[in-house]
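The next block holds one structure in the form of structure tokens; read it before the comments.
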């Protein structure tokens, strides 16, 4: 097990020895994060405002909160209500440094895997860049009719002014009193930061967790829940072909590969659909993937995020597991009201 995995495991089940070693570093990180936020709030560091409303969807955790499917759901719901929505993102994992406005032939190397996936799922105009204000202006230059921009991540990107903040918080961490800053824990900012956001979406939630969350956050009017819906895998080079587990023959083998923050969720989803995965391959989050990485099996399952990185010339035995988020109650209606105001 590599160091990253050891630390991530420590975040979920704290190790007393690691806590002693990492706690001083977490205090330093906390001071830096809090001081930086205060400088933006006081005006000593510059904040830039785009000419249209900005909705930031982010988290105080490091990865794996289920944010990206929620962004896709919110964008789609706003589009269904007639709102012209654009997306901006930093574009983690991409190789280009310049701002890139996505086109139909954009690649993950140009745009990053998650922005490209969002673009393909929603068809919303999308731009990526380290400077999200500059990315937003570049997007508006090509799409001046946009009415609102959704920033995928960027809750801590304070140089971009925002009109609405939405924080995604994992259900597994609701009620925990041992959460800490990096590197002793997975937090970028304190839990108290959530007092100042407009809405909190508890991801992978249920009714029982919502009751706990109302007590934990003490701001029930802000709370929404999200769940993930899993659908039958589709063939990557023929998306209209879907696969059911009972159609497999006894001698046929299945393998799965994932380059995401929490790959165990992907593997468990396949298991719940009835697929017996004999080989599991885990890659670092946002890492590049090619045909040489694929395990040998009759059926190879990959995530939508990884599928974006593969070329069109993939073999017939590669299947993609589609997931979609639901949000309760309907947050899009509330957002439209705030945007119109």
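Residue numbers (this note's numbering): -17 to 323.
Note that the Cβ used here is the ideal one computed from N, Cα and C, for glycine as well.
Does residue i pass the burial test, meaning 16 or more other C-beta atoms within 10 Å, or should it be called exposed?
i: residue 206; result: buried
i: residue 178; result: exposed
i: residue 200; result: exposed
i: residue 163; result: buried
i: residue 51; result: buried
i: residue 324; result: Since the displayed the chain opens at -17 and closes at 323, residue 324 lies outside it and no answer follows.
i: residue 101; result: buried
i: residue 7; result: exposed
i: residue 99; result: buried
i: residue 42; result: buried
i: residue 53; result: buried
i: residue 166; result: buried
i: residue 195; result: buried
i: residue 325; result: No information on residue 325 is available, as it lies outside the stretch -17 to 323 that the chain covers here.
i: residue 60; result: buried
i: residue 72; result: buried
i: residue 213; result: exposed
Mapping the DSSP letters down to three states, classify residue i as helix, strand or coil.
i: residue 115; result: helix
i: residue 137; result: coil
i: residue 130; result: strand
i: residue 257; result: coil
i: residue 142; result: strand
i: residue 232; result: coil
i: residue 262; result: strand
i: residue 155; result: helix
i: residue 317; result: helix
i: residue 227; result: helix
i: residue 237; result: strand
i: residue 374; result: Limits of the chain in this structure are -17 at one end and 323 at the other, which puts residue 374 out of reach.
i: residue 196; result: helix
i: residue 171; result: coil
i: residue 205; result: strand
i: residue -12; result: helix
i: residue 88; result: coil
i: residue 251; result: helix
i: residue 163; result: strand
i: residue 24; result: helix
i: residue 185; result: strand
Hey, out of the options, whose CA is closest to residue i's CA?
i: residue 26; options: 315, 140 and 0; result: 140
i: residue 113; options: 99, 127, 135 and 106; result: 135
i: residue 23; options: -13, 80, 175 and 315; result: 175
i: residue 81; options: 240, 115, 21 and 53; result: 115
i: residue 259; options: 45, 54 and 230; result: 230
i: residue 208; options: 310, -15 and -3; result: 310
i: residue 1; options: 320, -11 and 10; result: -11
i: residue 153; options: 189, 121, 127 and 126; result: 189
i: residue 300; options: 274, 312, 92 and 128; result: 274
i: residue 172; options: -2, 245 and 14; result: 14
i: residue -15; options: 239, 266 and 246; result: 266
i: residue 49; options: 305, 204 and 317; result: 305
i: residue 155; options: 319, 44, 269 and -2; result: 44
i: residue 204; options: 148, -4 and 119; result: 148
i: residue 94; options: 75, 180, 65 and 83; result: 75
i: residue 192; options: 223, 151 and 33; result: 151
i: residue 269; options: 254, 252, 279 and 287; result: 287
Taking just the CA atoms, how far does residue j sit from residue i?
i: residue 277; j: residue -7; result: 30 Å
i: residue 197; j: residue 271; result: 43 Å
i: residue 143; j: residue 36; result: 8 Å
i: residue 108; j: residue 87; result: 13 Å
i: residue 289; j: residue 218; result: 7 Å
i: residue 184; j: residue 56; result: 14 Å
i: residue 3; j: residue 158; result: 21 Å
i: residue 307; j: residue 168; result: 23 Å
i: residue 131; j: residue 146; result: 11 Å
i: residue 38; j: residue 133; result: 5 Å
i: residue 18; j: residue 302; result: 41 Å
i: residue 264; j: residue 138; result: 28 Å
i: residue 68; j: residue 321; result: 14 Å
i: residue 220; j: residue 125; result: 31 Å
i: residue 293; j: residue 237; result: 20 Å
i: residue 91; j: residue 250; result: 29 Å
i: residue 234; j: residue 291; result: 26 Å
i: residue 58; j: residue -1; result: 46 Å
For residue i, list the residues DSSP reports as bridge partners.
i: residue 301; result: 217 and 283
i: residue 82; result: 110
i: residue 5; result: Beta-bridge pairing links residue 5 to no other residue.
i: residue 306; result: 211
i: residue 16; result: DSSP lists no partner for residue 16.
i: residue 271; result: Its beta-bridge partners do not exist; DSSP assigns none.
i: residue 289; result: DSSP lists no partner for residue 289.
i: residue 147; result: 38
i: residue 67; result: 130
i: residue 43; result: 169
i: residue 30; result: 142
Quick check on residue i - is its C-beta less than 8 Å from some C-beta in chain C?
i: residue 161; result: Among the chains of the structure shown, chain C does not appear; only one protein chain is present.
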